[in-house]
Structure formats: structure tokens, C-alpha cells
Amino acid sequence: MDLTVVNQGGATSSAAAHNNNAVLRDYRKGNWNLQETMILIEAKRMDDERRMRRLGESPGGGERGKPAELRWKWVEDYCWRKGCLRSQNQCNDKWDNLMRDFKKVREYERRAAESPEGGTADGNRRSYWRIEKTERKDNNLPSNMLPQVYEALVDVVERKGLRPPPTEKGGVFLLPVVSPPTQQQHSVGYHAPAIGPAAAAAAETPSFQPLPTVDSDTSDYSGSPAKRRKRPGGGAAAAGEGTSGGTIQELGSAISKSASVIAGAIQSCEEREERRHREMMSIHERRLRIEESKAEINRQGINGLVDSINKLANSIFALAAQNNAQPPPK
285 MDLTVVNQGG ATSSAAAHNN NAVLRDYRKG NWNLQETMIL IEAKRMDDER
335 RMRRLGESPG GGERGKPAEL RWKWVEDYCW RKGCLRSQNQ CNDKWDNLMR
385 DFKKVREYER RAAESPEGGT ADGNRRSYWR IEKTERKDNN LPSNMLPQVY
435 EALVDVVERK GLRPPPTEKG GVFLLPVVSP PTQQQHSVGY HAPAIGPAAA
485 AAAETPSFQP LPTVDSDTSD YSGSPAKRRK RPGGGAAAAG EGTSGGTIQE
535 LGSAISKSAS VIAGAIQSCE EREERRHREM MSIHERRLRI EESKAEINRQ
585 GINGLVDSIN KLANSIFALA AQNNAQPPPK
């Protein structure tokens, strides 16, 4: 369990806002169970709805400028009220993992729906929910996505996709949309009437169309500041087209360097394995020679012992024969 001191002042209730005291929270570690996952999804959905209401009510868009840490702190407080004892960093990381797996399954289901029914080995796809875990791993899909978790994530994504655009009070950017110039009609015997200065000014005035603002946290499900990447604007895209050639060259050089490093590492590994193999073979050969020498020494010792026993037996036989040949005393 992870012990962390957090400040709950003014975030969850009027009593906490009045006292503004520090609370010692004992965070739970380990794998997430189904109940905790569903509570996290519910908390994220409630947080999205809360921030969209704030965005529509506040003219300055103050909720959009709030750091991501504070938004995930709200999610942590909601999870704690529901019995999910997780920290804001754990909630953030778990949400990133959920959305990554959800996008993979959603894309696979889309392709499976476009393919003919009854997926077989000739290229047709079966639904994610009908394939085994091994086949899911072969297709680079999450192996343990549950249907209820997937349906809850679909509900969150659909709610985000069906949200109404913000009003003028929530902040609207006006971009000029300039109509293309009208082609001049040249005809014989016909002259267009002169256009007055007021009409010409009205024709040259660009029309403005509202462009709703998009919250970075709601448009992209990567809530972690370290994982969120800024998207370049139009000017950056135009500048990137000019430097695309240099970027490709740098990428090619980096790939070649990486390939050379990998090849060197593989070669050194093979050399070490070959050297180790030679050392092991020499050790086995020395062991065999030692065993052979021991066997030879034992064989020679046994032969010497046999010769000694034979000589002793011959001496005993000779002594017995000599005693038998002598005459008995008178």
C-alpha cells in the first residue's frame, strides 16, 4: 500500500473547503479488478460532463485552462467516494491503458464488420469476442478486454462525440472564409454594370464562420501531461513541408546507425557464444583425459596386485613341495 498525504481543501465538499486539512490516504496497489475499472470509467464520464458544463457556463473558459493534475485529482476523489482507493496517477495510467486497448478492439471490430461473415484463414475476420486469447495475441490485440468494460468505454466515447458545440459564452473563434474570386465574363457587346464602392467593400469583406474550441483533454484520451503531444498548427505544418527532406535523411541515418549497432551487438554475442562453446569443449576434453588416466592407474594397480598374489601362491606351493620331499626324521 502506498501512503500519500493529499490536500482535499475546497475540492470535494464544503466541510473540506472550510477545514482545508491534509488527509492521509492509503492507496491500493496491484492489478485493477472489474469493479474498480467500472468506477474509473464512471468517474471519467462524470468528469467530462462536469467540465463541459463548466465550459459552457464560464465565458473565459476557465475549466479548459485548469491543469490535468487537478482534473485527475477530481477523478481520484470521485473514485474514493465510490470505494476505489487509487491515486490520480494510477487512474491516469489505467485510463491510458484502457483507451489504448479500446482503440485496438474498436479498429479490429470495424475491419471485421467490413469483411465477409464467418472469418476463415483466407483473410476474413471474426469478431473479437469470438476468437481465442492466442489468436488475440497474434493479432496484437488485448487478451482480456471484457464486454462490459468495452460497452462502458463506447458509451463514454459516444457521449463525447454527440456533445453540442460551445456557445459564444464558452468561447468561439471566428476564422475568415474568403470566397474565391468570380471569373470575369468577356462577351462581345455586353458590359457589366459598375459596382458601387459600398457594394465592392461588402463583396470584399470576408465572411466569418464560428469554429468551436476543442479541449485537449476531451479530444485526446491521453490525460498524462508527459504522454500528451502537442499538435502543430498550420504554420508549423507549412514549415514542416519545407524540412521534410531533411527529416527523412535524418531518419534514414538514424536507422542505419541503429542497424549497425544492432549488427555489432549480434556479432559480439555470437563471438562470445562461440568462445564459450570452445571453452566448454576444452573442459570436457580435459575431464575425459583425467578419467582415462585414473582408469589406467587403477588397471595397473590391479595387475600389480594379481602378479603379487600369483608370486605368493607359487612361493607357498614351492615351500610345500620342499617339505613333502624331505624324509621323516628317525
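The opening position of the sequence shown corresponds to residue 285 in our numbering, with each subsequent residue numbered one higher. Ideal Cβ positions, reconstructed from N, Cα and C, are used throughout, including at glycine.
Considering only residues of the same chain and omitting the five flanking positions on each side of isoleucine 329, which have a CB-CB separation below 6 angstroms? Inspection of the sequence shows that residue 329 is occupied by arginine rather than by isoleucine. Val440.
Assuming contact is defined by CB atoms lying nearer than 9 angstroms, are lysine 417 and asparagine 428 in contact in what I supplied? yes
Would you kindly work out how many angstroms separate the C-alpha atoms of methionine 322 and glycine 530, rounded to a whole number? 47 angstroms
Check whether glutamate 333 and arginine 443 have beta carbons under 9 angstroms apart: yes
CB tyrosine 311 to CB leucine 354, shorter than 9 angstroms? no
Alpha carbon to alpha carbon, what distance is there between proline 431 and arginine 414? 12 angstroms
Under 8 angstroms Cβ to Cβ from glutamate 393, same chain only, skipping five residues before and after it: list those, please. Ser411 and Tyr412
State the Cα-Cα distance for the pair phenylalanine 386 and alanine 549, rounded to the nearest angstrom. 37 angstroms
Identify, in the order they occur along the chain, each residue of the same chain with its Cβ nearer than 6 angstroms to the Cβ of lysine 366, setting aside the five sequence neighbours on each side. Ile323
Under 9 angstroms between the Cβ atoms of asparagine 376 and tryptophan 358? no
Identify the continuous alpha helix (DSSP H) that holds alanine 412 and give its terminal residues. It is tyrosine, not alanine, that sits at residue 412 in the sequence shown. Taken as a continuous stretch (DSSP letters only), tyrosine 412 belongs to no alpha helix (DSSP H), as it is neither H nor E.
Integer Cβ distance of arginine 409 from serine 399, believed to fall under 8 angstroms: 5 angstroms
Quick check on the burial criterion: 16 or more other C-beta atoms within 10 angstroms. Buried or exposed for glutamine 533? exposed
Pair within 9 angstroms by beta-carbon distance, tryptophan 236 and lysine 388: Beyond the ends of the chain as shown, which are 285 and 614, falls residue 236; an answer cannot be given.
Using the rule of at least 16 other Cβ atoms within 10 Å of the residue's Cβ for burial, across every protein chain shown, is valine 433 buried or exposed? buried
Any idea if alanine 436 is buried or exposed, counting beta-carbon neighbours within 10 angstroms, 16 or more meaning buried? buried
First through last residue of the alpha helix (DSSP H) which encompasses arginine 329: 318–341
Under the rule that 16 or more other beta-carbon atoms within 10 Å means buried, what is cysteine 363, buried or exposed? buried
Quick check on the DSSP output: the alpha helix (DSSP H) that includes lysine 387 runs from which residue to which? 372–398
Give me, in chain order, the residues of the same chain whose beta-carbon lies closer than 6 angstroms to that of leucine 603; leave out the 5 immediate sequence neighbours on both sides. none
When you compare only the Cα positions, how much space is there between aspartate 380 and lysine 541? 32 angstroms
With DSSP collapsed to three states, give me the class of cysteine 363. helix
Rounding to the nearest angstrom, what Cα-Cα distance links glycine 314 and leucine 382 in this structure? 16 angstroms
Which term fits methionine 564, buried or exposed, when burial requires 16 or more other beta carbons within 10 angstroms of its beta carbon? exposed
What's the gap between the Cα of alanine 510 and the Cα of serine 566? Residue placement at alanine 510 cannot be trusted, given a pLDDT of 42 that sits under 50; what the coordinates show is reported in the next sentence. Cα to Cα, the separation comes out at about 54 angstroms.
Per-residue burial, alanine 605 [other beta carbons within 10 Å of its own, 16 or more giving buried]: exposed
Rounded separation between asparagine 373 and lysine 421 - CA only: 27 angstroms
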